[in-house]
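Line by line, the protein sequences give chains A and V. Take the working numbering: the last position of the first sequence gets the number 113, and nothing is skipped along the way. Take the working numbering: the last position of the second sequence gets the number 1114, and nothing is skipped along the way. By construction, the Cβ of each residue, glycine as well, lies at the ideal position given by its N, Cα and C atoms.
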Amino acid sequence: DTAVSQTPKYLVTQMGNDKSIKCEQNLGHDTMYWYKQDSKKFLKIMFSYNNKELIINETVPNRFSPKSPDKAHLNLHINSLELGDSAVYFCASSHSGLAREQFFGPGTRLTVL
Amino acid sequence: AQSVTQLDSQVPVFEEAPVELRCNYSSSVSVYLFWYVQYPNQGLQLLLKYLSGSTLVESINGFEAEFNKSQTSFHLRKPSVHISDTAEYFCAVSSSGATNKLIFGTGTLLAVQP
């Protein structure tokens, strides 16, 4: 199926651990994004890559590091996890250009204990 | 800076009744406006968008939204809702700047009751 996929779907971990979330899209898009949705459903962009180049970097702690090995993949690595990192993380992709539709993955629910 | 306000966090409505979900935005530059829908435990899907031209835009499943520049609004309407329309609806704005960055509102839960 053509889609944006994320792994894992659920991630439960202890404070202080390091974890990664993987994202892949097979839609032929050249721009990918990471969003964070908090417990109140507020959705905020974290990062965006275009052709493996970082183009959006919001005020996100340095513990969060995105990596884009190629146009189809954008992974998110989080160091020294904190309680406040608990959220649903969505990956999305689109063609480059203005006002392009973004296609979202199913989300990864991260719970930090 | 841009922002989006969705004043209603939850809108309960009976099946087959009309509904309006409100969205207001603020921006000092030209904007593009979007409505995304999130069904339970899923990612977001684009419902409709306004780029330019006709201020009334429609989706394939009966929703419509009207861009009102003077009131800086982009309210979403449907004349008759179904149980299957129950979902979280997010209004979003992006600017005519260099990136495709979306600024989302806080969402409105449309709860359709039988």
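Would a C-beta distance cut-off of 9 Å place residue i and residue j closer than the cut-off?
i	j	result
Leu43(A)	Phe1074(V)	no
Trp34(A)	Ser48(A)	yes
Leu1021(V)	Leu1102(V)	no
Val112(A)	Met46(A)	no
Gln1038(V)	Leu1046(V)	no
Val1004(V)	Val1093(V)	yes
Glu1064(V)	Leu1051(V)	no
Pro69(A)	Gln6(A)	no
Val4(A)	Lys36(A)	no
Ser1027(V)	Ser1095(V)	yes
Less than 9 Å between CB atoms is the rule here; does residue i satisfy it with respect to chain V?
i	result
Glu24(A)	no
Ile56(A)	yes
Thr111(A)	no
Phe42(A)	yes
Phe64(A)	no
Pick helix, strand or coil for residue i, following the three-state DSSP scheme.
i	result
Ser1084(V)	helix
Leu81(A)	coil
Arg109(A)	strand
Tyr89(A)	strand
Tyr1032(V)	strand
Met32(A)	strand
Met15(A)	coil
CB-CB under 8 Å to residue i, same chain, minus the five flanking residues each way: which ones, in chain order?
i	result
Asp18(A)	His77, Ile78, Asn79, Ser80 and Leu81
Ala1111(V)	Gln1010, Val1011, Pro1012, Val1013 and Thr1086
Which residues in the same chain as residue i place their Cβ atom closer than 7 Å to its Cβ, once the five residues preceding and following it in sequence are excluded?
i	result
Pro8(A)	Thr108
Asn50(A)	Asp30, Thr31 and Ser96
Ala72(A)	Glu24, Gln25 and Asn26
Under 9 Å between C-beta atoms, does residue i make it to chain A?
i	result
Phe1090(V)	yes
Ser1094(V)	yes
Leu1104(V)	The displayed chain sequence assigns Phe, not Leu, to residue 1104(V). Yes, its Cβ sits closer than 9 Å to a Cβ of chain A.
Asn1100(V)	yes
Excluding the 5 residues flanking residue i on each side, which residues of the same chain have their C-beta closer than 6 Å to its C-beta?
i	result
Tyr10(A)	Arg109
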